[in-house]
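Take a look at the structure set out below.
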Amino acid sequence: MRFMPEPQTATEVTAELLKEKIRSRTARVGVVGLGYVGLPLAVEFAKAGFSVTGIDLSDDKTRRVNAGDSYVGDISTATLASLVEAGKLRATTDFSAVLELDTINICVPTPLRKTKDPDMSYIVSACQEISRHFHAGMLVILESTTYPGTTDEVVLPMLAKSGLEAGRDFFLCFSPERVDPGNPKYQTANIPKVVGGVTAACTEMGRLFYAQALQTVVPVSSTQVAEMVKLLENTFRMINIGLVNEIALMCDRIGINVWEVIDAAATKPFGFMPFYPGPGLGGHCIPIDPFYLSWKTKQAGIEARFIELAGYINGQMPHFVADKVQGALNDAAKPVKGSRIHVMGVAYKRDIDDMRESPALDVMMLLERRGGKLSYSDPHVPTLRVEGLNLTAQPESAAAEADCVVIVTDHSSFDYKALVERAALIVDTRNALKGIRSGKIVRL
Ligand SMILES: NC(=O)c1ccc[n+]([C@@H]2O[C@H](COP(=O)([O-])OP(=O)(O)OC[C@H]3O[C@@H](n4cnc5c(N)ncnc54)[C@H](O)[C@@H]3O)[C@@H](O)[C@H]2O)c1
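For what it's worth, this note's numbering labels the leading residue of the sequence shown as 3, then goes sequentially.
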C-alpha cells in the first residue's frame, strides 16, 4: 500500500480538496467571456468530463450556447450541441453562478484606448462581478492578453478584498491564450499552455488544472513571466511582419519580386523563418498587444523603439495598397475617381469571419475617399456596416464588372483561376495568384 501523508495545515487541506476535485474532474469549471478564446476553452474542459458554466454579458451568446448553436468557426455546432445535451456545458449572464464554481478562467477583451493605452475596463468589471460571489478554495486564471503585472497589481487586490489569501485560501494564475482561429492543425487542446501563479502553490494548481484537458502545460515562475511570454510572442510576429513589409516596399521600389525572394530565403534550413508582407495588420492581437508592452515599459523609462517603428511601417501598408491600386488604374488610363473597385476578402485573415482591425477596412476607406466605387466578395462576411461603409457581399462573378480587383484576404474558397479570366486588372496583396502569369496582375 502506498504511503500518503495526511495534509497538515489549513492551506494544505484547501489545496488538497481542490486538487482532488480537479483530478476527479468533479471541479465545477467557469469561463468568463465566451468569445473566440473562451468558448473553445469551455468546450475543451467539457469534453474532458468537467461540468462547465460559461458566463458572458451577451444574451445572444449565452442563448446560442444553450441552444447548442456555435458562433465560433473552430467549434462545430454538432460538438457544442452534444456537450450541451449531455449537461456538460451551459451558459448564463448571471455572475451569481460563481458561488457554485471551483475554477474560473477569465477570457474577456483587452483592446486599446484611442490613445493606444491599455483598456483594462473589461478585466476590472469581470473581476468586480467575480469578487461579489468569490469564496475560498477557488482557482482563478486570467487568460486575457495584458501587460506584465496585471494579475498581481489589478486582479489580486480585487480578489484579496474578500480577506482570503492567494496561495493559501485561493489560487491565482495568469495563462496566455495562443489560439489561432482557423488553424486546422493547432487548436486549444494541442497548443502548449504556459501558466504562472502568484505563488508556487498557485502555479501547481494551474498546471494540474490545464493538464486535465490540454496536451502540454509549461509552468513558469511567476504571473509576470507568463504575461510577458505572450507579449514576446506577438511582438516577435509584429516586428518581423514590419520588417518584411519594409523589405516589400524596398523590393517594389527597385523592381524585385519580394515573394520570390522570401520563398528562396526560406529554403535555408536554419536561422531564417519566413514572414510575408500584406495589406497591413489585423485581428485582436498582433496590432494591439505590443502596445500593451510599450505602454508598460514607457513607465519604466524604456522606449519600445522596435514596436513603434514596426507599428509605423505596418500602418503604412493600407496606404501603399491604395497607391498601388491607383497606380494600376492610372496605367490603364482610368482615374480612380469613378472607377469600380472590387475587393476580394475583407476578414482580417484567410478562412475566418473576424473583421476586427481588418486592413481591408482601411484599404476600402482610402479608395472610397479617392472617389472609387467599392464592392466586395467574402464568403465569411455577408455584410459590411462599419465606419461609413454600408455594403453587402457580392458573388465572385461581380469581379467581371470592376475596373480593378484587389485581393486583400486570400480565402481558400475563392476560384482564383476564374478570377484571372474574368477580371480586367488585379492587384494581389497576398501572392494568392502565385505561379499565374498574366499582364493583368500587379503584385505587392
Ligand atoms: N481571438 C484570438 O485569436 C486571441 C488569441 C490569443 C489571445 N486573445 C486574447 O484573449 C482575450 C479574449 O479575446 P477574444 O478574441 O476571445 O474576445 P471576444 O471579443 O471574441 O470575446 C470576449 C467575450 O467576453 C465577453 N465579455 C466582455 N466583458 C465581459 C464581462 N465583464 N463579463 C463577462 N463577459 C464579458 C464579450 O461579450 C465576449 O463574448 C483578449 O485579451 C485577447 O487579446 C485572443
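Every residue gets a Cβ at the ideal spot worked out from N, C-alpha and C, and that includes glycine.
Remember, it's a predicted structure, so these values are computed and weren't measured experimentally.
Roughly how many angstroms lie between the CA atoms of cysteine 109 and valine 74, to the nearest whole one? C-alpha of cysteine 109 to C-alpha of valine 74: approximately 14 Å in a straight line.
Can you tell me the Cα-Cα spacing of glutamine 217 and isoleucine 241, whole angstroms? Glutamine 217 and isoleucine 241: Cα-Cα distance of roughly 30 Å.
Return the CA-CA distance between valine 338 and cysteine 406, expressed in angstroms with no decimal places. Cα to Cα, the separation comes out at about 9 Å.
Taking C-beta to C-beta, are valine 345 and methionine 366 nearer than 7 Å? Less than 7 Å separates the beta-carbon of valine 345 from that of methionine 366.
Answer with buried or exposed for isoleucine 77, where buried requires no fewer than 16 other C-beta atoms within 10 angstroms of its C-beta. Sixteen is the threshold: when 16 or more other Cβ atoms of the shown chains lie within 10 Å of the Cβ of isoleucine 77, as they do, the residue is buried.
May I ask whether a heavy atom of ligand 1 can be found less than 6 Å away from the beta carbon of aspartate 119? No, the Cβ of aspartate 119 stays beyond 6 Å of every heavy atom of ligand 1.
Selection from Ser414, Ala50, Ala228 and Phe173 that minimises the alpha carbon distance to glutamate 206: Comparing Cα-Cα distances from glutamate 206 to each of Ser414, Ala50, Ala228 and Phe173, the minimum goes to Phe173.
So, at 6 Å on beta carbons, what are the nonlocal neighbours of histidine 137 in its own chain, with the 5 sequence-adjacent residues on each side left out? The beta carbon of histidine 137 sits closer than 6 Å to no other beta carbon from its chain once the five residues preceding and following it are set aside.
Helix, strand or coil at phenylalanine 172 [DSSP, three-state]: Here phenylalanine 172 sits in strand by DSSP.
Is aspartate 265 helix, strand or coil when you go by DSSP? For aspartate 265, the three-state secondary structure derived from DSSP is helix.
Classify proline 150 as buried or exposed, calling it buried when 16 or more other Cβ atoms lie within 10 Å of its own Cβ. It is buried - the Cβ of proline 150 has at least 16 other Cβ atoms within 10 Å.
Check this for me: beta carbons of valine 327 and valine 429, under 7 Å apart or not? Against a cut-off of 7 Å, the Cβ pair of valine 429 and valine 327 comes out as a contact.
Reducing DSSP to helix, strand and coil, say where methionine 346 ends up. Taken through DSSP and simplified to helix, strand or coil, methionine 346 comes out as strand.
I need the DSSP call for leucine 36, collapsed to helix, strand or coil. Three-state result, leucine 36: coil.
When every heavy atom of ligand 1 is checked, does at least one fall within less than 6 Å of the C-beta of glycine 37? Closer than 6 Å to some heavy atom of ligand 1: that describes the Cβ of glycine 37.
Kindly indicate which residue of Arg358, Thr105 and Val219 has the alpha-carbon position closest to the one of proline 194. Out of Arg358, Thr105 and Val219, Val219 has the C-alpha closest to the C-alpha of proline 194.
Excluding five sequence neighbours on each side, which residues of the same chain lie with their C-beta closer than 8 Å to the C-beta of tyrosine 212? Closer than 8 Å at Cβ, skipping near neighbours: Ser177, Lys195, Val197 and Val219.
Ligand 1 and histidine 286: does any heavy atom of the ligand fall closer than 6 Å to the residue's C-beta? Yes.
I'd like the list of long-range same chain contacts for threonine 290, defined as Cβ closer than 6 Å, with 5 residues on each side in sequence excluded. It should be pointed out that residue 290 corresponds to isoleucine in this sequence rather than to threonine. Within the same chain, isoleucine 290 has close Cβ partners Leu114.
Taking one C-beta from the region 432 to 446 and one from the region 274 to 281 each time, how about it: are there three or more such pairs within less than 8 Å? Enough Cβ pairs lie closer than 8 Å, so yes.
Can you determine whether any heavy atom of ligand 1 sits closer than 6 Å to the C-beta of tyrosine 124, and answer yes or no? Yes, ligand 1 has a heavy atom inside 6 Å of this Cβ.
Alpha carbons only, please: which of Ala215, Tyr378, Arg439 and Glu22 is nearest the one belonging to proline 42? Nearest C-alpha to proline 42: Ala215.
Would you mind giving the Cβ-Cβ distance between alanine 426 and lysine 442, rounded to the nearest angstrom? I have them listed as a contact below 8 Å. Sure, about 7 Å apart at Cβ, within 8 Å.
Continuous alpha helix (DSSP H) stretch holding valine 365: start and end: Taken as a continuous stretch (DSSP letters only), the alpha helix (DSSP H) holding valine 365 covers 361 to 371.
Between the Cα of glutamate 155 and those of Leu166, Val126, Gly165 and Val410, spot the shortest distance and give me the residue it belongs to. Residue nearest to glutamate 155 within the set Leu166, Val126, Gly165 and Val410 is Val126 (criterion: CA-CA distance).
Rounded separation between glutamine 301 and tyrosine 188 - CA only: Looking at the backbone, the Cα of glutamine 301 and that of tyrosine 188 are separated by about 36 Å.
I believe alanine 501 touches arginine 30 by the beta-carbon criterion, under 8 Å. Please report the beta-carbon distance rounded to the nearest angstrom. This structure does not reach residue 501, given that the chain is present from 3 up to 446, and the question cannot be answered.
Quick one: what does DSSP say leucine 114 is sitting in, helix, strand or coil? Looking at leucine 114 - three-state DSSP - the assignment turns out to be strand.
Confirm, please, whether the CB-CB distance from lysine 63 to leucine 36 is below 7 Å. In contact: leucine 36 and lysine 63 (Cβ atoms closer than 7 Å).
Would you mind stating whether leucine 91 and valine 33 have Cβ atoms separated by less than 7 Å? No.
Taking 6 Å as the cut-off, is the CB of threonine 147 close to at least one heavy atom of ligand 1? Yes, Cβ of threonine 147 sits closer than 6 Å to a heavy atom of ligand 1.
Lysine 63: beta carbon under 6 Å from a heavy atom of ligand 1? In this structure, ligand 1 has a non-hydrogen atom nearer than 6 Å to the beta-carbon of lysine 63.
Could you tell me whether the Cβ atoms of aspartate 412 and arginine 352 are closer together than 7 Å? Yes, Cβ-Cβ distance for aspartate 412 and arginine 352 is below 7 Å.
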